[in-house]
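The opening position of the sequence shown corresponds to residue 1 in my numbering, with each subsequent residue numbered one higher. Idealized CB from N, CA, C, for every residue including glycine. First comes the structure, then the notes that go with it.
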Amino acid sequence: MTANSRCSAAEPPGLETQRREVESLLRECELCAGDSWYLVEHRWFQQWKEFVETGDQNSSSFPGQIDNTELFEDLDSYHVKERLVENEDFVLVPAEAWHKLLVWYGMVVGQPPLERKVVDLPSTLKVEVYPVEIFLCLHSNMDNVITAQFSRADNIQSIQRAMCQVFSVPPGSECRLWMKSSDSSCERLRNLHVSVLDACLSSGMTVIMETRNADGTWPSSRPQIMRNSVEDQDSYRGQSGVCGLTNLGNTCFMNSALQCLSNTPPLTEYFLQSSYLEELNFTNPLGMKGEIAEAYADVIKQMWSGRHYSVVPRVFKTKVGHFASQFLGYQQHDSQELLSFLLDGLHEDLNRVKNKEYIELRDAEGRPDQEVAEEAWRNHRRRNDSVIVDTFHGLFKSTLVCPECLKVSVTFDPFCYLSVPLPVSKERVMEVFYVSLDPYAKPVQHRVVVPKAGKVSDLCSALSEMTDVPPSQMVVADVFNHHFFKIYNSDESLSCILDRDDIFVYELSVQEEQQEEQVLLALYLRERSHYRDYGSGSSSYGTSLFGHPLLLGVPRSSCSQEALYNLFLQRLARYVRCPDPSEELEEEEEDDDEEDLYKTQTNGISDDEQQEEAERVEPSQTQLSEDATANSQSDATATVDPPPELNHTQPPQDHSQEAPNGSGLQTELLPPAAGTSEESLCGNTSRTDATSESPAEQTPQPGEEEREEDKQEEACSPSPLTNEQSTKRRACPKRRKSLFIIQAVNSNGTTERGSGEGGSAVSFSSQPYVAIDWDPDMKKRFYNENEAEKYDKHSSMEVPQQQTTVQLQECIELFTTVETLEEENPWYCPVCKKHQLATKKLDLWSLPEVLIIHLKRFSYTKFTREKLDSIVDFPLRDLDFSGCLLRKKLSNGEPPSCYDLIAVSNHYGGLRDGHYTSYAVNKDNGQWYYFDDSKVTYAREPQIVTNAAYVLFYHRQDKIRKPTLPPPNTSPASSTPQPANETITSCKDDGAEPGASSYVTMETD
Ligand SMILES: [Zn+2]
C-alpha cells in the first residue's frame, strides 16, 4: 500500500543532507503511542550509513533498494522471523525517516513495508515489532479459520469489525466474541472498547464469534432453554412477551419481578432494540461489570422472541446470586427486594456516567422549592444517567423539623419506587384449638380476636368469653409434630405466635387454695417399633410420636405410675378402648422383660411411694359422674355446630363446647379408689344421657348403645385399679398387661437415658414430660386413630373473616403523613449540634414515567413481624396524582400525572413462605395475562385487585402507546364468553388448572 513500488522521481539530496536529515529524525523523534515506525534490515541500514558518511554518489558502498529479505521467514508469506533483535537484525526508523529513505532508494519489489505501531504498555512505550497474531472463526463453522494480526493497542471492536467483514455477517446482527486460549478455555470478550492488550489476547489464541439466534438465545448457551420436542419442530411463534419463566426452586419471587419488568414497555424496548450494547458500563465499581444487564437482556430477548413457551432463567439467577449473595441458593425471597436490587444493578451497569464526580449536597436554606428541587435533580443526573433513571426515578421532598430549635431542613431525594405503608390493624384474629377437661369432648377450634400487641393471657381471656372457663385455668401451647414445641407463660407476647402455628389451649382443673400443689404434666403418645435395640441395653427401643399431646394438671400426690396410668386412661377414653380380660391374657407371657423395664423406668417414684399415694386418695366417684353429667347437659344447649363427623362405633358425645368446671374436677384427675365404680374409668355409662342433648347428633339405637355399654363394662371389670390388685401386683411379677407404658421423656418426646434409674430422677420442679408408649399391636387394637383426630368447630369459625379494604390513596397519604423519628434513627440538628427526634414529612415532588408502588405488607417492628393481608383497592386506570404532587404546573411542559396500571407482583401466603405470581398487560396487544412461573393464562381486569397484590407498576398515560396488535381471540371454542379462567386467581399451585383453551403457554419442565 505504501509506495513500495514507487520509483523515486526526485533526485535524492546530497549525501551529507541525507545523513543529517535522517540522523536528526532518529535522534529527536520520540515514541508516541499510536505512531508508526518501520523496520529496516540492520545490514542495509549500516550499508546506507557507510555510504552517506564515506562514499560518494558513485561509491561501491551504494546500498541499493531497501531490502528486508533477511527479516522474512520466506518470500511467499513475508512472515517476519521470530526473535529478531533490534540493532542486530533490524533498526527502527520513524515514519518520516522511512518515507525519505523510501523516496530516495525505493524498495525491493514485492516486499511489504514493515510498519509497526508504538504501543502504550504498562510503564513503557515501545514499538510493537511483533503484533498479536490470532485465529478468527465463527461459532457456526469452526473449521474455517483465518489468521489476522492486531496491535495490542487495537480495541476488540476492531476485531469484531474485521470478523464481520471477513465472514460476511449480515449487518445488524448481534454478535458476541469469545477468546479461546491454547488450553481450550473460553472467555467472553465482553467489553468491545478495551484494547487487545487489556483483554489479554495474545498470539496463538483464537477468537470465536457467534450471532444471536432468532429465538433470543446464543448458540453457545443452548442449555438455557429447555426445549421440548414440539417446540424444536415448529419453533413456536406465540405472542411476544407472553412467555413463562421456569421455577428453578423457590425462584417464583424472581419470576414475578421479572414478568413485571418485562412488561414495562420503555425498558423492554430499550433492550429489544439492543440500545444497551452501547451503554454497558464495564468499569463502574458500583455496577456488576455489565453482567447483570447482559443476563437480563438475554432473558428479555428470549421472552420476547415468541419462540418459547417458557424460558429457564438459570444464567440470570446465577448472575444475581453472584452479585447479591443473599439471593444465592434456593430459599424463598422477597420479589420487591429483588426488584430493588435489580433496578439498582441495571442502573449501574448501564450508567452513562463513567466517572462520577463528587457533588456536595446543599440544604435548601430557605431557597424556593422549585430551585432546590431542580438543583437536586440536576445533581442526581450528573452522577446517575441511565434508562433506569429515565424510566423509574422520581423526586420527593423531605422536610425535617427540630423539636427544640425548630430548625427546618429541606432536601429533595430521588426514589426508584414508593414504599407505602398499609394502615395497621391493632387487632389480630387467631385460630386456636380448645381442649376441654371433659375427656369426651373433642377439641374445638375457635376463632378469637386479640390485641396484636397483647399477651398470651389476652388470648385466654378471649377464649374464656366463649368457654366460660376462667383464663387462670388455661395453658397455651404450640403443638408441632405430636409434641409441644413450646408451652407459653401467660405473660408472654402473642407476637411469638405465628398464624401458621398450631396453638392448643388446655383446660386445667381448678386448684383450690388449701389443696396441694398441682404439677403441669405434658403427655405424649408414642408407638414402639417392633425392632428392639438389644445392643444398647434393655431399656431402649425405637419409638415414634403420634396423636395429640395433652397437658394435665395433676396433684403432686397423684403422680404414681398407677395413678397416672388410670388418669391417662380416663383422659384418653374418647379414643382409647379399655381391654377385655381375654385379650389381655394372651400376651401375659411375653410381658416379663417389659415389666422389668417398666419398673426401672418409672417416673422416679418408688413403688412404696406409689403404693402409699394410691392408698391415700379416695375420691368420690359418684360426685364426679354427677358433676360431669350436669355440666354436659347445661352446655349442650350452647352447641351450634354439628360435629363434622360421627363415629357410630363410639357413643356419640358432644362436649365440644364447654368443659365442666368446679369442684368435681379435682377428683377426676385422681385414680379411682378401691371399690369405686369401674364404669367411671371408661366413663361411658354415666354420660350416655348427655348424647340426646345434642340435636345435630345421631343418637345411636338403644340396642346398640346397650351393647356398647355391656362391652365397656366387661372391658373394665378386670381393670387393675383396686388396692387389692395393686398389692397383688407387687407380690407377683407376672401381672396384668398394660395398654401402654409410662416413660419420662424430654420435651421432644425422646427418652432420656438413665432418667429412670435409681427410682427418683424426675424432678417436678421443672416441666415434666411423660410419654405413654404403645406396642404397635396394642395400639391397633385399643387406640382409635380416627376418633382421636376429630375436632369440632366453634360458631366463631363460621363468621366470615372480615377482610379489611383500604384505598391506595390512603396508603399514599400515610406515606406523606408527618411522623416523628424513632429513637434508633435520630436526626443530627446542625443548630442544636446534637441528635434530635425530629418530625419528618415526605412529599411527592415529581413522578417518573413508570411508577412502582410497593405495598408494605410485611411489617417488621421491634415487637411484631406480620403480613398484612388487607385488600388495597387500587385503580387500573386514571390513578391521578395531581392532588398530592407538590410541584405545581408552572408551564405546559409539565407532564400530566395520570397513570394506568401495567403490572402487579402478587404474594400469597405468610411471612417467610408463600408463592409469587404476577399480572401484566402485554404492550403489543393490550391483553392482561397471569404469570405463574412457567404457566401463563389470560386474565381479566376484575381479577387483578386482590389482597395478594404486593408491588404495583403504573405507566404514565402520556407515554402509553396504543397496542399495535388486536387483542387475541381469547374465547375458547366453547360458548364461554370469558377469556379468563375463573379459578386462576384463587388457585395457587393446586390442581385447579384452568381449561386448556385458556392456556397460552405450556409448562416445559
Ligand atoms: Zn435543633
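- Collapsing the DSSP output to three states places Leu814 in a helix.
- For Tyr954, the closest alpha carbon among the candidates Arg877, Arg116, Val505 is that of Arg877.
- Measuring C-alpha to C-alpha distances from Val315 to each of Gly306, Ala148, Ile300, Ser305 identifies Ile300 as the nearest.
- Cβ contact annotation for Ser181 (same chain, cutoff 8 angstroms, sequence separation greater than five): Glu187, Met205, in chain order.
- For Phe480, no alpha helix (DSSP H) run applies; the uninterrupted beta strand (DSSP E) run containing it begins and ends at 474 to 480, by DSSP.
- The alpha-carbon of Cys260 is positioned some 11 angstroms away from that of Leu267.
- Non-local C-beta neighbours of Phe341 in its own chain, meaning closer than 6 angstroms and more than five positions away in sequence, comprise Ala324, ordered along the chain.
- For Leu400, same chain residues with a beta-carbon under 6 angstroms away, outside a window of 5 residues either side, are Ser409, Trp827, Ala838, Lys840 in chain order.
- As the crow flies, the alpha-carbon of Val831 is around 34 angstroms from that of Val389.
- Boundaries of the beta strand (DSSP E) harbouring Ala148: 141 to 150, taken from the DSSP string.
- Exclusion of the five residues before and after Glu427 leaves Val449, Val450, Pro451, Lys452 as the residues of its chain whose Cβ lies within less than 8 angstroms of its Cβ.
- Taking 6 angstroms as the cut-off, one finds at least one heavy atom of ligand 1 near enough to the beta carbon of Cys832.
- Short note on Lys959: C-beta not closer than 6 angstroms to any heavy atom of ligand 1.
- According to the DSSP assignment, Val118 belongs to the beta strand (DSSP E) that extends over 115 to 121.
- When rounded, the separation of the alpha-carbon atoms in Phe392 and Tyr417 is 7 angstroms.
- Taking a cut-off of 8 angstroms on C-beta distances, the region 946 to 964 touches the region 894 to 906, as three or more cross pairs fall below it.
- Taking the Cα positions, Tyr860 is about 18 angstroms away from Leu338.
- Apart from the 5 residues on each side of it in sequence, Gln18 sits with its Cβ closer than 7 angstroms to the Cβ of Pro12, Val52, Trp104 in its chain, given in chain order.
- Separation of Ala199 and Leu71 (C-alpha to C-alpha, rounded to the nearest whole angstrom) is 29 angstroms.
- If you draw a 10 Å sphere on the C-beta of His79, you find fewer than 16 other C-beta atoms in it, and that means exposed.
- Using a cutoff of 6 angstroms, the CB of Cys243 does not count as near ligand 1, since none of the ligand's heavy atoms is closer than that.
- The shortest CA-to-CA distance from Ser310 to any of Asp215, Val432, Leu851 is the one to Asp215.
- Within the same chain, Cβ atoms closer than 7 angstroms to the Cβ of Thr805 are found at Ser870, Ile871, Asp873, the five residues on either side in sequence being excluded.
- If you ignore the 5 residues before and after Ser262, its C-beta comes within less than 7 angstroms of the C-beta of Gly241, Thr268, Ile300, Met303, all in its own chain and listed in chain order.
- Distance from the CA atom of Val469 to the CA atom of Lys397, rounded to whole angstroms, is 55 angstroms.
- Placement of the Cβ of Glu404 at a distance of less than 6 angstroms from at least one heavy atom of ligand 1 is found.
- Distance from the C-beta of Lys407 to the nearest heavy atom of ligand 1 is below 6 angstroms.
- Around the C-beta of Thr217, 16 or more other C-beta atoms lie within 10 Å, and the residue is accordingly described as buried.
- DSSP places Glu96 inside the alpha helix (DSSP H), whose first and last residues are 95 to 105.
- Of the candidates Ser560, Thr820, Leu114, Glu822, Ser560 places its Cα closest to the Cα of Ile742.
- The shortest C-alpha to C-alpha distance from Pro966 to any of Val108, Pro122, Gln239, Gly14 is the one to Gln239.
- A check of alpha carbon separations from Pro555 across Glu517, Glu23, Gln111 identifies Glu517 as the nearest.
- Here DSSP, grouped into helix, strand and coil, assigns Cys175 to strand.
- Sequence-distant Cβ neighbours of Pro112 in its own chain, meaning closer than 6 angstroms and more than five residues away, are Tyr78.
- DSSP places Thr411 in the strand class (E or B) of the three-state scheme.
- If you check the CB distance, Ser256 and Ser795 do not come in under 7 angstroms.
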